[in-house]
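Working notes, beginning with the structure itself.
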Amino acid sequence: EVQLVESGGGLVQPGGSLRLSCTASGFTFSNYDIHWVRQATGKGLEWVSSIDTDGDTYYRGSVRGRFTISRESAWNSLYLQMDSLRAGDTAVYYCARGSRVASGDYVYFDYWGQGSLVTVSS
Amino acid sequence: DIQMTQSPSSLSASVGDRVTITCRASQSISSYLNWYQQKPGKAPNLLIYAAYTLQSGVPSRFSGSGSGTDFALTISSLQPEDFAVYYCQQSYSTPYTFGQGTKLEIK
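Protein chains in written order, with my numbering: chain G, 307 to 428; chain S, 696 to 802.
The following block contains the structure:
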C-alpha cells in the first residue's frame, strides 16, 4: 500500500525556521518525483516545490530562496526546509507523489499524505 | 505563471443530476490538465489526469474533456459521496497551478 506521512509541522514565529519531513512507503521512492502542496485554511491548493528523480528542484516564486527541498532515498524521505517564514506561509502542507504517463510527459499527483499544519505567528 | 480559472465557484445540485465544471487556462496547456476531488479535512484525491484519463478506482460517472485552454469535468449522475470541492491543475509547466476550486453542494 502506498503511503506518505508528513511530520514536523508546528507553531513558529515570523522569521523563524521549520523542517517538514515526508516518509514514503509501498513504492520505490527513487523512481518518482515528489511534490509539496499547501493549503491555507478555507483556501485552495497551492503548489510549493518539487524534486525529480535526478535531484533537480523547482520552487514557486514566493518561496524561492527561503525554502529548500531535498530527498534521501536511503530513508525513503523527502524534506522541506523552510526559513524566513512569513504569516502567509501558514497552511497545511501536503507531500504528494508525482507520477507520469508512459511517455513521461504528463505529470499527476496520485498519492497524497494527510498533511502537516504549519502556523507562522507571534 | 499559468492562471487556471474554474467556473462556477460553487454549484448546488441534486442526487442524480448531471453536472459540468469548467476550467480555463491563461495559455494553451495541450492536455496537461488534472482534476482532483477534496472532501473536508482530507487530502485531495486524483480523479482525472492528462485531461481525460480516468484514474484507477475512480467511478466511470466521472469524465474529463478538452485541450488547449478549455477543459471540463462532468459527473454523469451525482451520488451523495460526490459532494465535495473540485480542483483543476495544470502540469504543463512549473509552478503547477491549481484552479480556485468549485464547491459542489447538495440542493
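Think of the CB as a built atom: it goes at the ideal place given N, C-alpha and C, for glycine as much as any other residue.
All of these numbers come straight from a predicted model, not from anything done at the bench.
For residue j and residue i, believed in contact at Cβ under 8 Å, the rounded distance
{"i": "Y399/G", "j": "R325/G", "result": "Y399/G to R325/G, Cβ: 11 Å. No contact."}
{"i": "S339/G", "j": "D358/G", "result": "According to the sequence displayed, residue 339/G carries Asp and not Ser. 5 Å between Cβ atoms; contact."}
{"i": "L742/S", "j": "Q732/S", "result": "5 Å"}
{"i": "S313/G", "j": "S331/G", "result": "Contact doesn't hold; Cβ gap of about 14 Å is too wide."}
{"i": "Y744/S", "j": "Y414/G", "result": "4 Å"}
Proximity below 8 Å, CB of residue i to CB of residue j
{"i": "G404/G", "j": "H341/G", "result": "yes"}
{"i": "G759/S", "j": "Y747/S", "result": "yes"}
{"i": "S376/G", "j": "Y365/G", "result": "no"}
{"i": "D712/S", "j": "P790/S", "result": "no"}
{"i": "V311/G", "j": "T329/G", "result": "yes"}
{"i": "G796/S", "j": "Y781/S", "result": "yes"}
{"i": "K802/S", "j": "S705/S", "result": "no"}
{"i": "S725/S", "j": "L773/S", "result": "no"}
{"i": "M699/S", "j": "T792/S", "result": "yes"}
{"i": "R392/G", "j": "V426/G", "result": "yes"}
{"i": "T717/S", "j": "D777/S", "result": "no"}
Minimum C-alpha distance to residue i - residue among the options
{"i": "E800/S", "options": "S702/S, L728/S, T769/S, P775/S", "result": "P775/S"}
{"i": "N337/G", "options": "S327/G, S390/G, N382/G, D389/G", "result": "N382/G"}
{"i": "S723/S", "options": "A738/S, Q795/S, S704/S, Q785/S", "result": "Q785/S"}
{"i": "A767/S", "options": "S707/S, L728/S, P739/S", "result": "L728/S"}
{"i": "S319/G", "options": "Q420/G, R372/G, G371/G, T396/G", "result": "The sequence as given places Gln at residue 319/G; Ser does not occur at that position. Nearest of Q420/G, R372/G, G371/G, T396/G to Q319/G, Cα basis: T396/G."}
{"i": "S379/G", "options": "F333/G, S427/G, S428/G", "result": "F333/G"}
{"i": "E352/G", "options": "A402/G, R406/G, Q387/G", "result": "A402/G"}
{"i": "G419/G", "options": "Q701/S, V714/S, T715/S, A738/S", "result": "A738/S"}
{"i": "S771/S", "options": "R756/S, S707/S, Q750/S", "result": "R756/S"}
{"i": "D362/G", "options": "T374/G, V369/G, G348/G", "result": "T374/G"}
{"i": "A779/S", "options": "R719/S, S721/S, N740/S, S702/S", "result": "N740/S"}
{"i": "L384/G", "options": "G322/G, V369/G, G371/G, F335/G", "result": "F335/G"}
{"i": "Q701/S", "options": "G321/G, G350/G, A346/G", "result": "G350/G"}
{"i": "C783/S", "options": "S751/S, L749/S, W730/S", "result": "W730/S"}
{"i": "S323/G", "options": "Y412/G, R372/G, T347/G", "result": "R372/G"}
Bridge partner(s) assigned by DSSP for residue i
{"i": "Q420/G", "result": "Q420/G is not bridged to any residue."}
{"i": "A330/G", "result": "L310/G"}
{"i": "E800/S", "result": "S707/S"}
{"i": "N729/S", "result": "Q784/S"}
{"i": "T385/G", "result": "It is worth fixing the name first, because residue 385/G is Tyr in this sequence and not Thr. DSSP output for Y385/G lists S327/G, S376/G as bridge partner(s)."}
{"i": "D339/G", "result": "G404/G"}
{"i": "R719/S", "result": "T700/S, D765/S"}
{"i": "L742/S", "result": "The partner list for L742/S (beta bridge, DSSP) is empty, contrary to what the question assumes."}
{"i": "F757/S", "result": "I770/S"}
{"i": "V398/G", "result": "Q345/G, L423/G"}
{"i": "Y414/G", "result": "S405/G"}
With 16 other Cβ atoms within 10 Å as the buried cut-off, status of residue i
{"i": "L386/G", "result": "buried"}
{"i": "S299/G", "result": "Here chain G comprises residues numbered 307 to 428, so residue 299/G is not present and cannot be evaluated."}
{"i": "L317/G", "result": "exposed"}
{"i": "G794/S", "result": "buried"}
{"i": "V714/S", "result": "buried"}
{"i": "D360/G", "result": "exposed"}
{"i": "A408/G", "result": "exposed"}
{"i": "A720/S", "result": "buried"}
Residue i: CB within 7 Å of a non-hydrogen atom of the ligand ADP
{"i": "I375/G", "result": "What this structure holds is no ligand at all, so the ligand ADP is not there to describe."}
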